[in-house]
Every structure is written in structure tokens, then in C-alpha cells.
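**Q** Got a structure here, written out as C-alpha cells. Questions coming.
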């Protein structure tokens, strides 16, 4: 497995502002993903973070709203832009370690937009 | 694309009983089936997985079975304990992809 950290763990933000969430892994990974989990719901994939190139977004998610960076094999950021109360959710990064197929999740960032 | 159905949405059992959660999938190319446990306020944790070349896998009190013909797989927990209370998610991953499709989750409540 891999040790995954996320910052911040939680935040309360004003509508119209942006928040950048960081995901750091202690070892090189093949894949990094960003998920959203609304209260009592399942996990929804936002995008695959590609190293050195644009992220691959799932249907319903766009780069202008959720810009993602992945400058190297162990770090990625997700920005939630121009936030509204509907963006209140838990955001999780996940990784597939190099040489493996299992997916592991970070601790999550609990975002509340007021 | 893949579609994963999970049942039941809520399961309440007495401590010591067994619990079974069932999932079906639609894509016959799916070949990897992980199960995650998510305790309240925590991250989803991989607890067991099975690949399409295996029919059953067991790890202590937890077992997973896979029926490729019927396209369904199940999680079995024996001798349940209160600490087994959590939301459990099944998932299916198609060959060549690292991206699982998740079920909607089952909230398991184990009463002492």
C-alpha cells in the first residue's frame, strides 16, 4: 500500500472563492485520481490526474471548475473554483501504487461552502 | 459502460450473526472486484478483493465469492462484531483499466 496525506483536512469557504487541495504520497504511484463523496453517497470520480499533462475528466466535470495538476509521480492538487454551496462535499484523492492494481484512498478533505 | 448494483442498502444484524452483501455488474470484461469498508468520518479502506480467475477468497471472517456467469459477487462476514459496523462498497474494474465503478454502498449495523 501507500501512505497518502491530504491538506487541508477540512475547510469552510465563502461562495465565489476557490480552494486548492493537495495530495501527497510517500512512494511513486502509477495512477492518481480525485473523487467526490457527498454525504451518505457513493464515490464519484472527478478526474484522473496525469503526470505532466492535462487531467482526464469524467462526464459532468470540467477543467475550468476543477483544475488539476500533477507535476510529479507523488503529488497532485485539485482546485475547486468559484465555489457554491453545492460544492460542499468530501474530496478524496486515491492512488494505484507502482506495480499494483489495488486503489487506496487518502483521508479526504471535508469542504463546506457557505 | 459498467453498471454496478449493490443490495441491500441497509443491513442490520445481531452480534455474532453473519452478514451478506450482494453486487451485480454488467460488463463481462470486468475482471477485478474490490470491496471497501468506510467507517463514519474515515476514508474507504480496501478490505478484500477478487479477480475473475478465482471463484472465492477468504481472509479470516471475511470472504468474497464471484460468479462470472451470472455476473454477481458477494461479501460474506461471519461472526459479526460491533466494529464491523460501517458502509461497505463493492466495485468492478474492467480489464486494462484502473478505474473501478462503485456500487451505492451498504450500511451495515451490528447490534451488540
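Residue numbers (the working numbering), protein chains in the order written: chain A, 2 to 115; chain B, 278 to 389.
Beta carbons are placed, not taken as given, at the ideal position from N, Cα and C, and that holds for glycine.
Keep in mind it's a predicted model, so treat the numbers as computed, not measured.
Step through the CB atoms of chain B and report whether any lies within less than 7 Å of the CB of residue 84(A).
**A** no
**Q** Skipping 5 residues on each side, what residues in its chain have a beta carbon closer than 6 Å to that of residue 31(A)?
**A** Excluding the 5 residues flanking it on each side, residue 31(A) has same chain C-beta neighbours closer than 6 Å at 97, 99, in chain order.
**Q** Quick check on residue 282(B): does DSSP put it in helix, strand or coil?
**A** strand
**Q** Below 9 Å on C-beta distance, what does residue 323(B) contact in chain A?
**A** 2, 103, 104, 105, 106
**Q** Indicate the three-state DSSP secondary structure (helix, strand or coil) for residue 336(B) in the structure shown.
**A** strand
**Q** Anyone know if the C-beta pair for residue 341(B) and residue 352(B) falls short of 7 Å?
**A** yes
**Q** Enumerate, from N- to C-terminal direction, the unbroken beta strand (DSSP E) stretches of 3 or more residues contained entirely within the segment 312 to 358 of chain B.
**A** Those beta strand (DSSP E) runs which fall completely within the segment 312 to 358 of chain B and span 3+ residues are 322 to 328, 333 to 336, 339 to 344, 349 to 354.
**Q** With a cut-off of 8 Å, do at least 3 Cβ pairs link the segment 66 to 74 of chain A to the segment 289 to 305 of chain B?
**A** With the cut-off at 8 Å, the segment 66 to 74 of chain A and the segment 289 to 305 of chain B do not touch.
**Q** Whose CA, out of 21(A), 59(A), 7(A), lies closest to the CA of residue 48(A)?
**A** Of the candidates 21(A), 59(A), 7(A), the one whose C-alpha sits nearest the C-alpha of residue 48(A) is 59(A).
**Q** Output yes or no for whether 7 Å exceeds the beta carbon distance between residue 329(B) and residue 344(B).
**A** no
**Q** Among 359(B), 357(B), 350(B), 360(B), which one has its Cα closest to the Cα of residue 366(B)?
**A** 350(B)
**Q** Within its chain, find whatever has a CB closer than 7 Å to the CB of residue 15(A); leave out the 5 residues flanking it on each side and keep chain order.
**A** 115
**Q** Determine the extent of the beta strand (DSSP E) in which residue 72(A) is found, giving its start and end residues.
**A** 69 to 73
**Q** Rounded to a whole number of angstroms, what is the C-alpha to C-alpha distance between residue 322(B) and residue 315(B)?
**A** 6 Å
**Q** Does the beta-carbon distance from residue 348(B) to residue 301(B) come in below 7 Å?
**A** Contact: yes.
**Q** Comparing C-alpha positions only, which one of 13(A), 23(A), 3(A), 10(A) sits nearest to residue 67(A)?
**A** 23(A)
**Q** Grab me the residues of residue 311(B)'s own chain with a C-beta within less than 6 Å of its C-beta, minus the 5 sequence neighbours each way, in chain order.
**A** 323, 326, 368
**Q** With a CB to CB cut of under 7 Å and the five nearest residues on each side skipped, what residues in its chain are close to residue 46(A)?
**A** 34, 36, 59
**Q** Quick one: is residue 331(B) buried, meaning 16 or more other Cβ sit within 10 Å of its Cβ, or exposed?
**A** By the neighbour-count rule (16 or more Cβ atoms within 10 Å), residue 331(B) is not buried but exposed.
**Q** Put residue 86(A) into one of helix, strand or coil per three-state DSSP.
**A** helix
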